[in-house]
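All residue numbers for the sequence shown refer to full-length UniProt numbering, where the first residue is 1 and numbers rise by one.
The beta carbon of each residue, even a glycine, is placed where N, CA and C say it ideally should be.
Source: prediction; values computed, not measured.
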Amino acid sequence: MTNWIQLLKNGNKPALLAAIVNVIIAALKAGAFFLTGNVAMFAEMMHSIGDAANQLFVYVGSALSKKAPTPKYPNGFGRIVNLVCLGAVLIVAILSYETIVGGIHHLLNPSESGGLWINLAVLGIGIVLESFVLYKASKEVFHDAGIEHVGLSSYPKSFKHLKKAKPPTKLVFMEDLVATSGGLIAFAAVLLAHFFGWFAAEGVASIIIGVMMFYVVGKVFLENARGAIGETDEEMLAHIAHLLADDQDIVDIQRVEVVKEGEFLHVEIIAEVATSNTVEYVLNVKDRLLTTILNQKGIQDVIISLVGDDGVESWTGTNSSNLTENRKKLPE
């Protein structure tokens, strides 16, 4: 039991915060929907329920992914977070479908809903809380990217660093971005329906929110599917190739593999050293390289094989499109 508690402490904190906040928001929106029958509120309720379930699963998955390798699972559990994210987006897909169907039904059969101030108050609270979670997620994006947080300006700047964020952080950020935007759209729809008599606006809002949810489904699904299979991290591969090429003891590089599994990177290297070196010297070089590479961000384990110089140049020092095919040429 203690081990499980310790694992959960290492889970993705923004995902846990987002799950708690979305449970509160979902309860408020459910109450408002049952009191007023507002279709835009129904869409927002479904969205918050889906987000709460997703983010709870992602939090648990991110914690389990940090479990140490065992004899039965020697490669560790890094890909669990990708599998959990894949399962989470299926929930969002189902709720997205129901949201769009509800919106279409209201669009074809528009009707007036009451409780203006209840709807606006609940949506307003939801927007404020979702904005707070989105801000926390943007800070985590910077943390994952290894960049110092820069205050409120981190939110707009976080988009360009989003690709470097861990899968759980990216999922929370995208879901809360859609949730905040969806809240604003639903808020506008309620105002249009009440003050301008355009009752179909709530149905339009529901459809737009559902489509945005589907976008998150597609984006997150593709990224985590690649992670579950095992994707090469080209940026880190290039960085490690530079470290090796700049090392005075490395004569040539035959192969570098950097595979991303969940939040972690696994590295495999085959490099050449001068044949005149003693075994003891080569072992010291290997230990030094292991320490250097393990200190790079996100790397969990490294396998290094040092062989004698074969006199044939494998690394050209230029970027090559054949890198993923033959692993003989490494980028600059």
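Output the distance between the C-alpha atoms of Y215 and A274, rounded to the nearest integer angstrom.
For the purposes of this step, residue 215 is identified with residue 215 of the sequence shown, where counting begins at 1. For the purposes of this step, residue 274 is identified with residue 274 of the sequence shown, where counting begins at 1. Computed Cα separation, rounded: 53 Å.
Simplified DSSP assignment, three categories, for S305
As a working mapping, residue 305 is identified with position 305 in the sequence shown. Here S305 sits in strand by DSSP.
Is the distance from the Cβ of S62 to the Cβ of A15 below 8 Å?
Position 62 of the sequence shown, counted from the first residue, corresponds to residue 62. Position 15 of the sequence shown, counted from the first residue, corresponds to residue 15. Yes.
How would you write the range of the alpha helix (DSSP H) that R226 sits in, first residue to last?
In the sequence shown, the residue the question calls residue 226 occupies position 226. It spans A201 to I229 - the alpha helix (DSSP H) in which R226 sits, taken as one unbroken run.
Starting from the Cα of L86, find the closest Cα among S96, D246, M174 and V217 and give me that residue.
Taking the first residue of the sequence shown as 1, we reach residue 86 at position 86. Minimum Cα distance to L86 is reached at V217.
Cutoff 6 Å; reference F42; Cβ partners in own chain excluding five residues on either side:
For the purposes of this step, residue 42 is taken as residue 42 along the sequence shown, with counting starting at 1. Cβ within range, chain order: F33 and G102.
For V251, does the three-state DSSP call read helix, strand or coil?
As a position in the sequence shown, residue 251 is number 251, starting the count at 1. Three-state result, V251: coil.
Throw me the rounded Cβ distance for the E44 and G182 pair, which I believe falls under 8 Å.
Here residue 44 is taken as the residue at index 44 of the sequence shown, counted from 1. Here residue 182 is taken as the residue at index 182 of the sequence shown, counted from 1. Indeed, because the Cβ distance is near 6 Å, the residues count as touching under 8 Å.
State whether the region 258-273 contacts the region 232-240, with contact taken as three or more CB pairs (one from each stretch) at a distance under 8 Å.
yes
Which complete beta strand (DSSP E) runs does the region 124-202 hold, if anything under 3 residues is left out?
Taking only runs of at least 3 residues, no beta strand (DSSP E) segment lies wholly in the region 124-202.
Cα separation between G124 and V178?
The residue you call residue 124 lines up with position 124 of the sequence shown. The residue you call residue 178 lines up with position 178 of the sequence shown. Straight-line Cα distance between these residues: approximately 15 Å.
Burial state of R79 (16 or more Cβ within 10 Å)
Mapped onto the sequence shown, residue 79 falls at position 79. It is buried - the Cβ of R79 has at least 16 other Cβ atoms within 10 Å.
Own chain, CB closer than 8 Å to L184, minus 5 neighbours either side, in chain order
Counting from 1 along the sequence shown, the entry for residue 184 is found at position 184. Hits under 8 Å: I127.
Buried or exposed for E313, going by 16 or more other Cβ atoms inside 10 Å?
Taking the sequence shown and counting its residues from 1, the one referred to as residue 313 is at position 313. With fewer than 16 other Cβ atoms within 10 Å, it is exposed.
Sequence-distant residues of its chain with Cβ nearer than 7 Å to G210 (five each side left out):
Here residue 210 refers to the residue found at position 210 of the sequence shown. A43, S96, T99, I100 and G103, listed in sequence order.
Who are the Cβ neighbours of G11 in its own chain at under 7 Å, not counting the five residues just before and after it?
Translated into positions along the sequence shown, residue 11 becomes position 11. Spatial neighbours of G11 in its own chain (CB-CB distance under 7 Å, excluding positions within 5 residues in sequence) are listed in chain order as Y59, V60, S62 and A63.
Is the beta carbon of N24 less than 8 Å from the beta carbon of G50?
On the sequence shown, residue 24 is found 24 positions in, with the first residue counted as 1. On the sequence shown, residue 50 is found 50 positions in, with the first residue counted as 1. This sequence places Ile at residue 24; Asn is not what is there. Result no, Cβ atoms of I24 and G50 do not sit closer than 8 Å.
Report yes if the C-beta distance between I205 and A186 is below 8 Å; otherwise report no.
The count along the sequence shown starts at 1 and reaches residue 205 at position 205. The count along the sequence shown starts at 1 and reaches residue 186 at position 186. Before going on, a small fix: residue 205 reads as Ala here, not Ile. In contact: A205 and A186 (Cβ atoms closer than 8 Å).
Locate the alpha helix (DSSP H) running through E272, then write down its first and last residues.
For this step, residue 272 is matched to residue 272 along the sequence shown. Counting along the chain, E272 falls outside any alpha helix (DSSP H), though it belongs to the beta strand (DSSP E) covering F264 to V273.
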